[in-house]
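Asker: Per the UniProt record's numbering, the sequence shown runs over residues 1 to 387.
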Amino acid sequence: AGIVRALLGAGADVNLLDRHGNSVFHLAAQQGDEVALSTLLQHKEASVMRDLPNGDGLTVLHLAVIANSMPCLRLLLAVGVDVNIQEQKSGRTALHLAIEQGNISMAGCLLLEGDAFVDSVTYDGTTSLHIAAGRGSTKLAALLKAAGADPHIENFEPLFEEEDIKDNESEKIIPGTTPLDMATSWEVYDILSSKLCKSKAASEHLLIQGNMKDLNEDVKLQLYKLLEVPDLTKSWSMLAQKLGLGILNNAFRLSPSPSKTLLDNYEVSGGTVKELINALREMDYPEAVEIIEKRITSSSQSKQEKTKNDVLPLCDLPSPRTEQADEIRNFKFQDAESICDSGVEISLHKLSFTYSESFTNKTSINLKKKASGYGQDNSLPGKIEVT
């Protein structure tokens, strides 16, 4: 940093590019050198150079994400770089690149602190959620879904081939592929479709297992206060380590309220209340655990009281005739392989299954692979066939 500062003081030209189109800003970000980058960003020409693409169409922000450099990323966000700018080869944004890297912390930072547009598309219409779904990442899918990603956006990859359309069909409109179509596991599919079909037992334990949003603002404020204590063994930095977010401690420390920033990042990355409680117990912090458990108990009692007061009208009871004709949901996929513009090769395990649930709560699931002559039903209950 001292050498960089000395060269700048001597009048070095920051606008010069190497043969690959890289400026000194690009090179600093590429190396993850936040000290040099910080010095360069204070230069009067920085506002012109920071969003300039190099020969590969990548800006300084893109290179910082590819280098997995959180300090460089935060520096660039602080000076106001265009967080949604696309690299010029395939149209990926920094968020696309973070998802490709599998870097949940960086993706969360782009969404929370950079206010990145979660549904930005590449030149072939691919969103970040397409990539996360195609890779089968439940954590990345949950992060993007929590940020409001749309699982129904179609990219330009045809869902099926034109020859698969029946000749008697007048309109041959081939839909594109959505993140739901690209889901490679039922877990990812359920996250994207926000399925709420849970057993009674699972519903009763929803708070303790899942959504951080179930902790109201009052509970969070109490937690912030408890985590801002001088005792390092019970501080937000120790909690960050326990939650696997310790790598972000330097970034959290720069924020006005480190404990709030920590819990916000934990929430947007799909963290659960159960994991939070376990981490606080490992820290031997019963006061913090008690605050959360009181909220859980209070919410559980409210739900039970509501259930007691709810009366099902007789007219809503299904007749015996409809026991075997309950609501059916069809999810259709087809086998294909595609490569999106981002260069990510995605295997699309496209299955078709029928889910039916009778009034007696007996559930049958038929799963079948769609062959070219899919009009014939050769499904076997409870079995999945994938070639």
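Glycine is no exception: its CB is placed at the ideal position from the N, C-alpha and C atoms.
Using the C-alpha atoms, what's the distance from Q30 back to G270?
Answerer: On the sequence shown, position 270 is the one that residue 270 refers to. On the sequence shown, position 30 is the one that residue 30 refers to. If you take the alpha carbons of G270 and Q30, they lie about 29 Å apart.
Asker: Ignoring anything shorter than 4 residues, give me the alpha helix (DSSP H) runs that lie fully in the segment 41 to 111, in order along the chain.
Answerer: Runs found: 46 to 49, 60 to 66, 70 to 78, 94 to 101.
Asker: Quickly, what does DSSP pair G176 with across the bridge? List them, please.
Answerer: What you label residue 176 is simply residue 176 of the sequence shown in a count that begins at 1. P158, per the DSSP bridge assignment.
Asker: Are the CB atoms of S23 and L41 within a distance shorter than 9 Å?
Answerer: One-based indexing of the sequence shown puts residue 41 at position 41. One-based indexing of the sequence shown puts residue 23 at position 23. Taking 9 Å as the Cβ cut-off, L41 and S23 do not qualify as a contacting pair.
Asker: Quick check on DSSP: helix, strand or coil for Y123?
Answerer: Taking the sequence shown and counting its residues from 1, the one referred to as residue 123 is at position 123. DSSP places Y123 in coil when its eight states are reduced to three.
Asker: Along the chain, where does the alpha helix (DSSP H) that runs through S237 open and close?
Answerer: Against the sequence shown, residue 237 aligns to sequence position 237. It spans 236 to 242 - the alpha helix (DSSP H) in which S237 sits, taken as one unbroken run.
Asker: Does the count of Cβ pairs from the segment 280 to 298 and the segment 257 to 264 closer than 8 Å reach three?
Answerer: no
Asker: Could you work out which residue in D82, P71, T138 is closest to N249 when comparing CA atoms only?
Answerer: Position 249 of the sequence shown holds residue 249. For N249, the nearest C-alpha among the options comes from P71.
Asker: Closer than 9 Å, CB to CB, is A133 near chain D or not?
Answerer: Protein chains in the displayed structure number just one, and chain D is not present.
Asker: For P151, which three-state DSSP category applies?
Answerer: By 1-based counting over the sequence shown, the position of residue 151 is 151. Reduced to three states, the DSSP call for P151 is coil.
Asker: Would you tell me roughly how many angstroms separate the C-alpha atoms of D218 and K274, rounded to the nearest one?
Answerer: Against the sequence shown, residue 218 aligns to sequence position 218. Against the sequence shown, residue 274 aligns to sequence position 274. Their backbone Cα atoms lie some 19 Å apart in a straight line.
Asker: Would the beta-carbon of R92 fall within 9 Å of that of L76?
Answerer: Taking the sequence shown and counting its residues from 1, the one referred to as residue 92 is at position 92. Taking the sequence shown and counting its residues from 1, the one referred to as residue 76 is at position 76. Going by C-beta atoms, R92 is not nearer than 9 Å to L76.
Asker: Do you know whose CA, among I99, K89, G114, P286, lies nearest L143's CA?
Answerer: Taking the first residue of the sequence shown as 1, we reach residue 143 at position 143. Among I99, K89, G114, P286, the Cα nearest to that of L143 belongs to I99.
Asker: May I ask which residues mark the beginning and end of the alpha helix (DSSP H) holding T138?
Answerer: Within the sequence shown, residue 138 is the residue found at index 138, counting from 1. That run of the alpha helix (DSSP H) goes 138 to 146.
Asker: Would V83 pass as a contact of D115 if the rule is Cβ separation under 9 Å?
Answerer: For the purposes of this step, residue 83 is identified with residue 83 of the sequence shown, where counting begins at 1. For the purposes of this step, residue 115 is identified with residue 115 of the sequence shown, where counting begins at 1. Against a cut-off of 9 Å, the Cβ pair of D115 and V83 comes out as a contact.
Asker: Which first and last residues belong to the alpha helix (DSSP H) in which R253 is found?
Answerer: For the purposes of this step, residue 253 is identified with residue 253 of the sequence shown, where counting begins at 1. Here the alpha helix (DSSP H) through R253 covers 249 to 253.
Asker: Can you name the start and end residues of the alpha helix (DSSP H) that G9 belongs to?
Answerer: On the sequence shown, position 9 is the one that residue 9 refers to. Note, G9: alpha helix (DSSP H), 2 to 9.
Asker: Tell me which same chain residues have a C-beta within less than 8 Å of the C-beta of S194, skipping the five on either side of it?
Answerer: Position 194 of the sequence shown, counting from 1, holds the residue named residue 194. Excluding positions up to five away in sequence, the list reads K145.
Asker: Residues in the same chain with beta-carbon distance under 7 Å from S235, minus the five sequence neighbours each way, listed in chain order, please.
Answerer: As a working mapping, residue 235 is identified with position 235 in the sequence shown. Same-chain partners within the cutoff: L227, V229.
Asker: Kindly indicate which three-state DSSP category V35 falls into: helix, strand or coil?
Answerer: Mapped onto the sequence shown, residue 35 falls at position 35. Correct three-state label for V35: helix.
Asker: Closest by CA to T138, which one among T126, G102, F160?
Answerer: Start at 1 with the first residue of the sequence shown, and residue 138 comes out as number 138. Residue G102 is the option with its Cα nearest to T138.
Asker: Between which two residues does the alpha helix (DSSP H) containing A29 stretch?
Answerer: For the purposes of this step, residue 29 is taken as residue 29 along the sequence shown, with counting starting at 1. Segment 24 to 30, the alpha helix (DSSP H) holding A29.
Asker: Select from K220, N216, A279 the residue whose C-alpha is nearest the C-alpha of L245.
Answerer: Your numbering for residue 245 matches position 245 in the sequence shown. The shortest Cα separation from L245 among K220, N216, A279 belongs to A279.
Asker: Cβ atoms of N68 and H20: under 9 Å apart, would you say?
Answerer: Looking up residue 20 in the sequence shown gives position 20. Looking up residue 68 in the sequence shown gives position 68. In this structure, H20 keeps its C-beta atom at 9 Å or more from the C-beta atom of N68.
Asker: Compare the Cα-Cα distances from E154 to each of V79, V268, S120, A141 and report the closest residue.
Answerer: Your numbering for residue 154 matches position 154 in the sequence shown. Minimum Cα distance to E154 is reached at S120.
Asker: Do L97 and V65 have their C-beta atoms closer together than 9 Å?
Answerer: Taking the sequence shown and counting its residues from 1, one reaches residue 97 at position 97. Taking the sequence shown and counting its residues from 1, one reaches residue 65 at position 65. It is a contact, given that the beta carbons lie within the stated cut-off.
Asker: Out of A147, D231, L221, which one is the CA nearest neighbour of S257?
Answerer: Here residue 257 corresponds to residue number 257 of the sequence shown, with the count starting at 1. Among A147, D231, L221, the Cα nearest to that of S257 belongs to L221.
Asker: Tell me whether H152 is buried or exposed, calling it buried when 16 or more other Cβ atoms sit within 10 Å of its Cβ.
Answerer: Position 152 of the sequence shown, counting from 1, holds the residue named residue 152. Classification of H152: exposed, given that the 10 Å Cβ count is below 16.
Asker: For S255, which residues from the same chain have a beta carbon less than 7 Å from its beta carbon, with the 5 sequence-adjacent residues on both sides left out?
Answerer: Position 255 of the sequence shown, counting from 1, holds the residue named residue 255. Excluding positions up to five away in sequence, the list reads T261.
Asker: Measure from the alpha carbon of residue 432 to the alpha carbon of each residue in L37, V79, A132, T233, then state which is nearest.
Answerer: This structure does not reach residue 432, given that the chain is present from 1 up to 387, and the question cannot be answered.
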